[in-house]
Every structure is written in C-alpha cells, then in structure tokens.
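Visitor:
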Amino acid sequence: MPQKVNKFTPESVKALYEEHGAALAAYGCCCGLDFGSAEDVVQQVFLKLLQGTLREVKAPIPYLYRAVRNASSNQRRDRRRETEMPECEFCFTHPTVDQAEVISLQNALRALPEDQRETVFLRTWSGMTIQEIAETTETPLNTVASRYRYALEKLRERLRER
Amino acid sequence: MPLDDNELEKYLREFQPRAVRPLESLRQTAIPWRGRLAAAAVVLFSVSGGLWYAIHKSNMPRAEVKLETSRGEALVQERRVNSIFLTKLALEDPKRFEEQLEVESRQVLPDLQGQQSTLRALTKE
C-alpha cells in the first residue's frame, strides 16, 4: 500500500527513505548508474525534499521514481564514463540464487523501456497495485496494465536466455 | 524459471534491493529555518532601524523648538521682572533707577564706549 503523503515533513521524508530508498537506488542502477552514484542521486532527491523546496506532491512514490530517473539521466549525461554500472556490480540481493542470476535480472531490468521499468519497480518493490499506479501517475489503467504485462514478458524472455 | 505472471512476480519479489546508507542527517532541514531566521532578522533590523530613525528625526526639531520656547519664555519672564523692578525703583529711588537704566541700556543698545564699540569703528572710517 503506498504511503499517502500530502505534505513533506522531515519525518515523512525519513519514513519514505526507509521504505523506498533501497528500491529507488536499485532503480537508479537500472537507469544505468553504478550503485554509488545511484545512492548519491537518491540522497540528493531526498535532501531536496528535506530542504523544503517542494512542500506538496500528489503522489510521492511515483514522483520519487521520476525524480531519480531524471537525476540519473542528468548524472549519466554529465559524467558518462564514471557512472556507468559495471557488469559485476549488484543492486539486488537474493538469499539463495547465485550472483549470475542477480546480474541477469539487473541486465533484464536495464534492457526494459523506461516506462515499463518504472511500472515494474512501482509494482514489485514499492508495493503499488496497477490501479494505484494508474491513479497516481495519471495514466489510463489499460496502459499501465499493458506496460506491466509487456515488461513481464520481456523479463521472462531475458531470464530464460540466461 | 517461472512461467506464468504470478510466479514471475513472486520470483522478482524474492530479490531485495541492496541496502542504502542512512539518509545524510536531518541537519539539512535547518537550512530553510536558517534562511527564515536570517530573513526575520533582516526585517526586524530594518523595522527597528526605521522606527529609531523616525523617532530620532521627529524628536530632534521638537527638542530644539522646546529649547527655543523655553529660552523665549525665560527672557519674557526676566523682562517682566525687570519692568516691575524698574517701576518700583523709579518710585522709591530715582537715582538708583537712573543707574539701573544705564545698565539696562548697555545690554540692549549697541556699545558706544568700549574698545570695540560701534562708535569707535565709525570714527575710524
């Protein structure tokens, strides 16, 4: 269930960071950053919220994903060579599978179109339903459902190829 | 490898995003407060400065006028005392009255007898 935050207070920002910070950093990695840069980008986004430059957002979680995506693309544009994610770097962990499988999933996520990747992250690691994603991103429900379905198909194909 | 969507979703959720470092302290939240405090201080300083200036500016002429007025009042009162005194003196002691008139006239009229007197200056010309 997404956290309903109308106004950003230090407490709500901290709670959002604790709940979604890791997923947002992983998302930053899947937008092409190395893990350190993705962490920095997420920190910057949250620090901006703490500084009070943005007091209200209709849908905080999709907003955070968009902010991380934009900041990641800016970072990549500015420092292309330094921030590209090395093949062997992990932004996910798994208790049982081998590292190759983790890398395989990361690569599959990175290969997705931006909208599909965002939908997968919102659904899988930020716990939003398709309905909630559609409402908060002001996108038609069918579009969100299609994006998610296509994303799953592509992920399945990529993971099978491994 | 999971085949249907539900299995795939479950499989994906087993992967946990790598933990991130804690949010770099909440001291950054002090920044807007610092800014607001600075702005409030500037406003307070400007207002108090303006008030002080306005009060100071309006008080200065008042004080002068008051001073001038009090000086005038003192002179009038002195003259009033003198005229009463001189009337009394004229009735009681005409000789002393004459002497007093001479003293008074020296204060009021230009000096004609001193070293820097008007008469001497005119004589030299």
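Those protein sequences? They're chains A and B, same order as listed.
For the first sequence, the positions run 1 to 162 when the working numbering is used.
For the second sequence, the positions run 1001 to 1125 when the working numbering is used.
We put the beta carbon where it would ideally sit given N, CA and C, even for glycine.
Because the structure is a prediction, the values reported are computed rather than measured.
(1) Please report the straight-line C-alpha distance between residue 59(A) and residue 136(A), rounded to a whole angstrom.
(2) Does residue 1008(B) get closer than 8 Å to chain A when you measure Cβ to Cβ?
(3) Would you verify that the beta carbon of residue 90(A) is, or is not, closer than 8 Å to some beta carbon of chain B?
(4) Can you check the region 5-91 of chain A for any beta strand (DSSP E) of at least 3 residues that lies completely inside it and give the ranges in chain order?
(5) In angstroms, rounded to a whole number, what distance separates the CA positions of residue 1038(B) and residue 1045(B)?
(6) Within a Cβ cutoff of 7 Å, which residues of the same chain sit near residue 13(A), ignoring the five residues on either side of it in sequence?
(7) Note down, in chain order, each residue of its chain lying with its Cβ closer than 6 Å to the Cβ of residue 110(A), except the 5 sequence neighbours on either side.
(8) Just the chain B side, please: which residues come within less than 8 Å of residue 35(A) by C-beta, in chain order?
(9) Classify residue 1017(B) as helix, strand or coil using the three-state DSSP reduction.
(10) What is the rounded straight-line gap between the Cα of residue 1091(B) and the Cα of residue 1098(B)?
(11) By Cβ distance, which residues of its chain are closer than 7 Å to residue 10(A), with the 5 residues on each side in sequence left out?
(12) Quick one: is residue 1028(B) near chain A, going by C-beta distance under 8 Å?
(13) Give me the Cα-Cα distance between residue 8(A) and residue 65(A), rounded to the nearest whole angstrom.
(14) Can you check whether the CB of residue 35(A) is closer than 8 Å to the CB of residue 22(A)?
(15) What residues of chain B sit near residue 46(A), judged by a beta carbon separation below 9 Å?
(16) Pull up the distance between the alpha-carbon of residue 1040(B) and that of residue 43(A), whole angstroms please.
(17) One question on the structure: do residue 144(A) and residue 134(A) come within less than 8 Å of each other, judged by their Cβ atoms?
(18) If we call anything under 8 Å between Cβ atoms a contact, is residue 1036(B) one with residue 93(A)?
(19) Apply the 10 Å Cβ neighbour rule to residue 1030(B) and answer buried if 16 or more other Cβ atoms are within range, or exposed otherwise.
(20) Using a cut-off of 8 Å between C-beta atoms, extract the partners of residue 26(A) located in chain B.
(21) Quick check on residue 143(A): does DSSP put it in helix, strand or coil?
Guide: Judging by the given coordinates:
(1) Those two C-alpha atoms are separated by around 5 Å.
(2) yes
(3) yes
(4) none
(5) 10 Å
(6) 46, 49 and 50
(7) 30
(8) 1018
(9) strand
(10) 12 Å
(11) 50
(12) Reliability fails at residue 1028(B), whose pLDDT of 48 lies under 50, so the model's placement of it is uncertain and the value that follows must be treated cautiously. Cβ-Cβ to chain A under 8 Å: yes for residue 1028(B).
(13) 16 Å
(14) For the pair residue 22(A) and residue 35(A), the CB atoms are not nearer than the 8 Å cut-off.
(15) 1023 and 1024
(16) 30 Å
(17) yes
(18) Cβ distance not < 8 Å, so residue 1036(B) and residue 93(A) don't count as in contact.
(19) Because the pLDDT at residue 1030(B) is just 48, under 50, the model does not fix this residue reliably, and the value given afterwards should be weighed accordingly. By the 10 Å Cβ count, residue 1030(B) comes out exposed.
(20) 1017 and 1018
(21) DSSP, read as helix, strand or coil, puts residue 143(A) in helix.
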